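Here is the structure we will look at.
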Amino acid sequence: MKIIKYLKNSVIDKTLKNIQRLSIGWKIFFSFLVLFLVIMISFNLLILNYQKKSLRTQIDKNIYLILENLSKDVIDNLIFFDPLAIDEKISLAMNNPGMEYIMLTDKNGRIVGHSDKSQLGKLINIDYGKWQKTDENGIIHINLSVIAGDNYFGTLRAGISENKINYYIDEATRNLKNYIYILSILSFVLTVFLSFMLSKTLIKPLQRLKSKMANIGTDKLELCENPNNVLCKDVFKCDKTDCPAYGKERCWFISEAKENCKKCHNIDCKDCYVYKISCGDEIGYLIETFNEMIFKLRNSLQELDRTTKEKLRLEKSSAMAEMAMTVAHEIKNPLNAIKASTSYLKSNFQGEVLREFLSIIDRETERLNELITSFLSYARPVPLKYEKGNINNAIKDVIKLVDREIKEENKILKTEFDPSIPEFYFDHHQIKQAVLNLLVNATDATKEGDIISVKTEKVDGRIKITIKDSGSGIPEELIGKIFEPFFTTKTTGSGLGLACVERIIKDHDGSISVNSKLNEGTEFTIELPIKES
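Going by my numbering, the first residue of the sequence shown is number 82, and it counts up by one from there.
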């Protein structure tokens with residue numbers, strides 16, 4: 082017994098484990114099939130049992146009614162003794178299902194009518210009254226007295242076979258069974274198809290989620306598609322185009338929109354009607370939770386990458402700045418001595434050739450001094466001095482410095498200033514220096530007839546300054562190096578101009594980017610935060 086119990090438990094345990102190993106799609110599929118089979122079998126059994134019980138009840142009623150009527154119909158035949166009429170009526174009653182025999186006796190107990198003709202004329206013990214008995218063969222014997230008023234004329238007795246009734250019921254329900262079987266097979270095939278399609282439909286979002294989760298290991302941080310996503314502007318019929326989430330999917334990812342909803346509507350994104358519609362069922366909630374995790378992870382990785390690059394840049398800049406300062410100090414003293422010597426020679430010696438060479442030495446010394454000044458300026462940046470002002474006016478002041486040179490070289494300068502930009506705090510001198518650097522570079526990179534454009538605008542709460550030219554452009558392989566210290570494509574210059582520009586913009590918590598194509602031009606884009614204090 083213990084071995085049998087162990088084997089049963091082992092088989093059940095293995096079966097459960099095999100079921101657990103099935104995919105969710107197959108589990109759903111088989112669950113629907115099992116549920117359908119249970120319902121179908123139960124329903125079919127109920128129908129058949131109900132039909133059989135109804136037939137049995139009807140047959141029993143008919144038998145008793147027929148026997149009651151027969152006991153009344155044969156009274157006249159017994160009084161006038163008409164055996165032919167009695168036999169005809171008994172034969173007619175025998176046509177009913179389940180009848181084993183029918184027997185009629187007179188008041189003396191002589192059989193005057195019987196379904197078995199060989200029994201006619203025999204005497205039996207008369208048993209008065211109405212009764213019903215069942216023998217060991219399953220025959221139900223029913224006894225009725227044939228009476229009219231107080232007069233007794235004989236006895237009617239009938240035998241009902243349970244087997245014949247059951248056989249009749251089985252035959253009567255055979256067509257019903259066939260119909261049920263055919264309908265069940267068709268229903269089963271349809272259920273298999275619908276279960277398969279439904280399981281595929283239900284599992285499809287999970288398969289998408291599984292695919293996106295597998296991509297995490299390959300550094301592909303992609304959001305999982307959710308066809309239920311709706312836009313808040315469509316749900317609420319919103320026309321606030323200045324809203325940071327206007328026309329965008331997953332407004333709950335946008336921090337400004339979350340703050341606005343919390344502040345204006347006093348509602349959390351997870352309780353919002355838009356979020357609930359977009360999620361839909363539990364699988365939808367799971368997908369959007371995964372998407373939120375991916376979104377935050379992607380932002381964290383981007384921030385980590387930006388921080389790492391910024392750290393490397395600062396380390397490199399620090400090393401370069403230290404080297405530049407050392408070199409500048411080492412060169413500055415000899416240059417001062419050279420400059421003093423040329424000044425002395427100019428004052429105490431005459432001669433055209435000597436004066437010409439001394440002038441060349443003076444110019445080159447001055448150029449080296451300017452180079453040293455730029456080195457020191459990069460190595461020891463001046464702290465920002467914030468003052469409230471108008472960025473458009475600051476840029477216009479810079480344009481005045483290069484406007485004459487641009488016109489003299491027959492180049493076209495276009496400007497477009499956004500009047501809606503408010504006054505804010507920034508270092509006027511350093512921002513002007515950065516814009517001047519970019520304009521000088523644009524002037525150097527263009528030729529006669531080329532266009533230089535300057536544009537300011539307010540975008541998403543930040544100031545955007547665009548300086549664009551249609552000059553020679555920058556080769557694609559060099560774009561990533563232009564902000565590196567001492568890198569230059571010119572034959573002259575220190576290579577610190579754009580490095581200083583980048584440092585100034587970053588010190589203002591801003592950003593600068595470049596887009597350039599060789600022989601088509603270059604576009605620098607500066608973005609600055611609006612600091613109100």
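We put the beta carbon where it would ideally sit given N, CA and C, even for glycine. Note that the structure is predicted; figures quoted are calculated from it, not measured.
Under the Cβ criterion (8 Å, minimum of three pairs), the stretch 221-229 does not count as touching the stretch 260-267. When C-alpha distances from residue 134 are compared across 250, 216 and 531, the shortest belongs to 250. Taking a contact to require three or more Cβ pairs closer than 8 Å, the stretch 198-205 and the stretch 145-160 do not qualify as touching.
Just so you know, the alpha carbons of residue 548 and residue 434 end up roughly 46 Å apart. Within the same chain, 204, 205, 206 and 207 come within 7 Å of residue 190 by CB-CB distance, once the 5 residues on both sides are set aside. When only Cα atoms are considered, residue 427 and residue 559 end up about 45 Å apart. Taking every protein chain shown into account, the CB of residue 230 has fewer than 16 other CB atoms within 10 angstroms, so this residue is exposed. The count of Cβ pairs closer than 8 Å, one atom from the stretch 492-499 and one from the stretch 582-600, stays below three, leaving the stretches out of contact. With respect to the 8 Å criterion, residue 180 and residue 241 are classified as neighbours on the basis of their beta carbons. The residues 209, 210, 211, 233 and 236, in chain order, have a CB closer than 7 Å to that of residue 226 in the same chain once the five nearest residues on each side in sequence are set aside.
CA-to-CA, the gap between residue 187 and residue 121 works out to about 55 Å. The beta-bridge partner set that DSSP reports for residue 229 consists of 232.
Contact between the stretch 295-304 and the stretch 268-285 is absent, with fewer than three C-beta pairs closer than 8 Å. For residue 543, the enclosing beta strand (DSSP E) covers residues 543-550. In the DSSP assignment, residue 497 forms a beta bridge with 536.
At the C-beta level, residue 465 and residue 511 come within 8 Å of one another. The three-state reading of DSSP puts residue 566 in coil, since its state is none of H, G, I, E or B. Excluding sequence positions up to five before and after residue 516, its CB lies within less than 6 Å of the CB of 476 and 479, all in the same chain and listed in chain order. Residue pairing of residue 468 in beta bridges, as defined by DSSP: 507. DSSP places residue 485 within a helical segment (H, G or I) once states are collapsed to three.
Of the residues 604, 587, 185 and 448, the one whose Cα lies closest to the Cα of residue 610 is 587. Within the model, the alpha-carbon separation for residue 290 versus residue 309 is close to 14 Å. Within the model, the alpha-carbon separation for residue 341 versus residue 569 is close to 46 Å. Rounded to the nearest angstrom, the gap between the Cα atoms of residue 503 and residue 561 is 33 Å. Straight-line measurement puts the Cα of residue 380 at about 10 Å from the Cα of residue 386. In the DSSP annotation of this structure, the continuous segment of the alpha helix (DSSP H) that includes residue 107 starts and ends at 105-154.
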